[in-house]
Amino acid sequence: MSGTELLTPDRYSRAKWKNGLGHTDQIAIYPENADLRKSDFLWRISTARIENSSDFSIFPDHDRNLIVLEGQGMRLTHTFPESDSADTVELPKLEPYEFPGDVPSRCELMGGPIQD
Numbered sequence: 079m080s081g082t083e084l085l086t087p088d089r090y091s092r093a094k095w096k097n098g099l100g101h102t103d104q105i106a107i108y109p110e111n112a113d114l115r116k117s118d119f120l121w122r123i124s125t126a127r128i129e130n131s132s133d134f135s136i137f138p139d140h141d142r143n144l145i146v147l148e149g150q151g152m153r154l155t156h157t158f159p160e161s162d163s164a165d166t167v168e169l170p171k172l173e174p175y176e177f178p179g180d181v182p183s184r185c186e187l188m189g190g191p192i193q194d
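Straight run, no breaks: the sequence shown in the working numbering ends on number 194.
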């Protein structure tokens with residue numbers, strides 16, 4: 079992409095999550111020919127509706143930034159097998175959160191489906 083471009087929902091591309099448990103609407107990816115399932119992108123922007131508590135897909139070598147846009151929020155539990163520990167954080171609506179994409183993480187919905 080160069081310059082300014084308006085990205086409207088009719089141009090988003092829908093793809094299955096890497097873990098197969100849902101789908102994402104991809105708004106933009108770079109480079110443009112990158113493949114979500116191969117994780118060969120430098121960055122991407124997407125949105126997803128999460129209907130059920132589930133494990134997150136793993137994205138080695140990528141940091142993830144997450145914002146709950148609609149719904150009551152989620153609890154995100156990160157598991158660290160090397161230290162036999164876990165960390166849980168509550169993510170309310172509109173609170174940005176960053177975490178490493180290679181850490182196993184599980185989402186527990188707080189009061190119903192969300193849009194991130």
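Note that CB positions come from ideal geometry on N, CA and C, so glycine has one too. Quick caveat, the model's predicted, so the values are computed rather than measured.
Cα-Cα separation, residue i to residue j
{"i": "residue 91", "j": "residue 119", "result": "15 Å"}
{"i": "residue 111", "j": "residue 100", "result": "22 Å"}
{"i": "residue 168", "j": "residue 153", "result": "4 Å"}
{"i": "residue 121", "j": "residue 185", "result": "22 Å"}
Top-ranked residue by Cα proximity to residue i, from the options
{"i": "residue 151", "options": "85, 190, 103 and 81", "result": "190"}
{"i": "residue 83", "options": "99, 98, 106 and 167", "result": "106"}
Residue i (DSSP reduced to helix, strand or coil)
{"i": "residue 178", "result": "strand"}
{"i": "residue 171", "result": "strand"}
6 Å CB neighbourhood of residue i in its chain, flanking five on each side removed
{"i": "residue 182", "result": "157"}
The ligand GTP heavy atom lying under 8 Å from the CB of residue i
{"i": "residue 160", "result": "Among the components modelled here there is no ligand, and therefore nothing to report on the ligand GTP."}
Beta carbon proximity, residue i to chain B, threshold 9 Å
{"i": "residue 174", "result": "Looking for chain B here will not work: only one protein chain is present."}
Sequence-distant residues of the same chain with beta carbon closer than 8 Å to residue i, five excluded per side
{"i": "residue 109", "result": "119 and 120"}
Report yes or no: do three or more beta-carbon pairs, one from the segment 158–178 and one from the segment 115–131, lie closer than 8 Å? no
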